[in-house]
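Chemist: Encoded as structure tokens, here's the structure I'll be asking about.
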Amino acid sequence: MASALAIGIALAVVHLVAVATIVRTIVSGIEPAWPMLWLILFWVDLPFSLIWLAIEKMRHRAKAPPLFVPWLRAPLNDLDNFVLPFLILGVGGTVWWFLLPQFVGQVIA
Numbered sequence: 000m001a002s003a004l005a006i007g008i009a010l011a012v013v014h015l016v017a018v019a020t021i022v023r024t025i026v027s028g029i030e031p032a033w034p035m036l037w038l039i040l041f042w043v044d045l046p047f048s049l050i051w052l053a054i055e056k057m058r059h060r061a062k063a064p065p066l067f068v069p070w071l072r073a074p075l076n077d078l079d080n081f082v083l084p085f086l087i088l089g090v091g092g093t094v095w096w097f098l099l100p101q102f103v104g105q106v107i108a
């Protein structure tokens, strides 16, 4: 069980470094097509990232307008392309990679 915890921490740290790199790249404005950077984590975080896909599909079906917060600077004001993916893939994905080895350890035990 302790090894599952250590593996979970290591995977979460690696994921957190990837998230930090993507966020730094987005905020610095280096990449003009920055919303596409989240797709890297989309594939890494499968099946957890399907939550993001489900939310986007519901918003598309409801024909919801893009969500922007006018008093924040770009890209932080873009709730659809920055905040939602950051919460689901950045925060949720990191938690996913922390808990996954522990779930696998429970199944094996």
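Read left to right, the sequence shown gives residues 0 to 108 (numbering that gives the first Met the number 0).
Glycine included, C-beta positions come from ideal geometry on N, C-alpha and C.
1. Using a 10 Å radius around the Cβ and a threshold of 16 neighbouring Cβ atoms, would you call Pro-31 buried or exposed?
2. Out of Val-106, Leu-49, Pro-34 and Ala-19, which has the shortest C-alpha to C-alpha gap to Asp-77?
3. Using a Cβ distance threshold of 8 Å, determine whether the region 36-55 contacts the region 7-22, with at least three qualifying pairs required.
4. Under 8 Å, do Ile-133 and Pro-69 count as touching if we go by C-beta distance?
5. With a Cβ-Cβ cutoff of 8 Å, do Pro-84 and Gly-7 count as a contact?
6. Answer with buried or exposed for His-59, where buried requires no fewer than 16 other C-beta atoms within 10 angstroms of its C-beta.
7. Could you work out which residue in Val-106, Val-94, Phe-102 and Gln-105 is closest to Asp-44 when comparing CA atoms only?
8. Take the Cβ of Ala-11 as the centre, count every other Cβ of all protein chains shown within 10 Å, and call the residue buried at 16 or more, exposed below.
9. With H, G and I counted as helix, E and B as strand and the rest as coil, what does DSSP make of Ser-115?
10. To the nearest angstrom, report how far apart Ala-108 and Ala-9 are at their CA atoms.
11. Pick helix, strand or coil for Ile-29, following the three-state DSSP scheme.
Modeler: Result, derived from the coordinates:
1. exposed
2. Pro-34
3. yes
4. What the structure shows of the chain is the stretch from 0 to 108, and residue 133 is not part of that stretch, so it cannot be assessed.
5. no
6. exposed
7. Val-94
8. buried
9. This structure does not reach residue 115, given that the chain is present from 0 up to 108, and the question cannot be answered.
10. 21 Å
11. coil
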